[in-house]
Amino acid sequence: MFPATRMRRLRMHPRVRDLVRETSLRVDDFILPLFVRHGEGVRNPIASMPGQFQLSVDQLPGVVREIDAAGIPAVILFGIPEHKDATGSDAYCDHGIVQQAIQAIQAESSR
């Protein structure tokens, strides 16, 4: 009979099996992008990304509750600074938009 040996080397070790298994996606594999900008009551739709919005920090608590209810475990924040400069100083400023968003999300998550 052919073959005399069964080629199982891709299934011998759990780590290798994980590498060659079929792709599967679960809710806990997702990261939701949030686009945050300065202002109050801002919820601007992003034309090139249906269902995504530019949000102000005061809008985040409601969005965080929706994300939590959907079971999505993580977000990635994209800050839209009020003032841009050559060094990107708003990105590392103590009161930058991303830093404010993190504080708002942490305050909502601790409730």
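My numbering applies: residue 14 is where the sequence shown begins, and numbers increase by one.
In this text, a Cβ means the ideal position worked out from N, Cα and C, and glycines have one as well.
Asked: Quick one: complete beta strand (DSSP E) runs, 3+ long, within the region 16-82?; Found: 44-50, 56-58, 66-69
Asked: Which residue or residues does DSSP assign as beta-bridge partners of A87?; Found: I44
Asked: Considering only their Cβ atoms, is the gap separating S69 from E53 smaller than 7 Å?; Found: yes
Asked: Considering just the uninterrupted stretch of the alpha helix (DSSP H) at S122, what are its terminal residues?; Found: 110-122
Asked: Looking only at its chain, what residues have a beta carbon closer than 8 Å to the beta carbon of L45, apart from the 5 residues adjacent to it on each side?; Found: I80, I85, A87, V88, I89
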